[in-house]
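Here the numbering used here is used: position 41 in the sequence shown is 43, and no number is missing along the way.
Idealized CB from N, CA, C, for every residue including glycine.
What follows is one structure encoded as structure tokens, with my remarks underneath.
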Amino acid sequence: MPPRASKRKSAPPNSASVTSSDGRYVFLSSPDGIEALCSDLRVDYTDVRILMLAWKLKAENQGYFTQMNDRLFSSLALNLDEWRTGLKALRVDSLSKLKKMLTELENEVGKPSNYEDFYSYAFRYCLAEEKQKSVDIESICELLNLVLGAQFRPRVDLLVEYLKVQSDYKVINLDQWINFLRFCKKISFPDLENYDATQAWPLILDNFVEWMREKSIASIGICCVSRRLLIS
3 MPPRASKRKS
13 APPNSASVTS
23 SDGRYVFLSS
33 PDGIEALCSD
43 LRVDYTDVRI
53 LMLAWKLKAE
63 NQGYFTQMND
73 RLFSSLALNL
83 DEWRTGLKAL
93 RVDSLSKLKK
103 MLTELENEVG
113 KPSNYEDFYS
123 YAFRYCLAEE
133 KQKSVDIESI
143 CELLNLVLGA
153 QFRPRVDLLV
163 EYLKVQSDYK
173 VINLDQWINF
183 LRFCKKISFP
193 DLENYDATQA
203 WPLILDNFVE
213 WMREKSIASI
223 GICCVSRRLL
233 IS
């Protein structure tokens, strides 16, 4: 994931820590710490299950996106009490049990009621400051790919493309974020036939649908011109 990392607050000094496989003492809220933990768990540090783990442990501290090897990944921001309390409640006391829990998390998050809660949590997870209400477009694009990409890939690809080329919005708020999921679940794609701009959709989605329709018309025009050239 190539874009630059969002600006985030530095890791707190009392972050939860674990011992990695090579004996290093690492912090879960630092890039080195999360990379070491992911290495032990044998998952990629861009894996959405790391975010699911923060959700499951009910981490209240904000996490952040940071950049490593030209890829953005989320870093757990758990204080020591959250880490200990969360794992104790889940009866996880070893790395093997944590690995098993990551697998089970995908099924748990996949339940409709849990997924909506996780989806909202993912947005709040990116809020770096206490009074922050919105997330920058670049981080939103990464987050869309992370939490919606597997389920709604064609929609997410076009939405991310639109967000990157438009210039009206620099940040996204929670209401807009929630409506992205609603759009993906309810609107027929790619024809968009059941999209009604008079309903309670945020303006950014009205603009996205208009952009998509213009893009479709332009594509049809190009195809017609190409056919004429071939015939002639």
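Taking the alpha helix (DSSP H) that V50 falls in, what are its first and last residues? 50–58
Measure the beta-carbon distance from L161 to F210 and round it to whole angstroms, keeping in mind my assumption that it falls under 8 Å. 6 Å
Is the stretch 108–126 close to the stretch 35–47, with three or more CB pairs under 8 Å? no
Beta carbon of V137, beta carbon of N147: below 8 Å? no
Please say whether A56 and Y127 have beta carbons closer to each other than 8 Å? yes
Is it a yes or a no for the stretch 161–177 touching the stretch 191–203, going by three-plus beta-carbon pairs under 8 Å? no
Every unbroken alpha helix (DSSP H) inside the stretch 110–151 [4 residues or more]: 114–127, 139–149
Exposed or buried, which one is A38 when buried takes at least 16 other CB atoms within 10 Å? buried
What residue from V50, S122, S41 has the CA that sits closest to A152's CA? V50
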